[in-house]
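Student: A single structure is presented below for examination.
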Amino acid sequence: MTRMGRQQEQQQIELDNLHQRMNYHHSNWMNCNSRMIAMENQNDIALSLAHGIEERHVALKEIHETLEERHVALEENHETLEERHATLAADHAELVAKHTELSNVVAQWMNFW
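Under my numbering, think of the first position of the sequence shown as 127, with each following residue one higher.
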């Protein structure tokens, strides 16, 4: 083989080796890029979930505040009803006493006649 032929052969071998290394690095880069895209997608999903959870948390806080307000209103209504019950019980006791008194008067009147 001539010197020129050996040089061309050596250059071809070096060029083939370079192509192999480039293919290897390109394959690694594509694999890395693919993993980065997958991580970005996972990150997007996580951010979306976090946003949804945050919105739900805000909604639940509003519901909680509404329930606390209703609880306070119900406690006030309960106190009012207890006061009314006490008043009605006192009125009832007074009416029972008056009824008893009137029954006694009627009984005495009936005995008188």
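Yeah, the Cβ is synthetic: ideal placement off N, Cα and C, and Gly gets one too. For clarity, every value in this text was computed on a predicted model and none was experimentally measured.
#1: In three-state DSSP terms, what is W235?
#2: Quick one: grab the DSSP three-state call for T128.
#3: To which residues of the same chain is Q168 closer than 8 Å at the C-beta, ignoring the five residues directly before and after it?
#4: What number of angstroms, rounded off, separates the C-alpha of R147 from the C-alpha of S174?
#5: Going straight from the alpha carbon of N154 to that of D142, what length do you get?
#6: Looking only at its own chain, which residues have a Cβ that is under 7 Å from the Cβ of I171, when we skip the five neighbours before and after it?
Tutor: In short, the structure shows the following:
#1: helix
#2: coil
#3: none
#4: 40 Å
#5: 18 Å
#6: none
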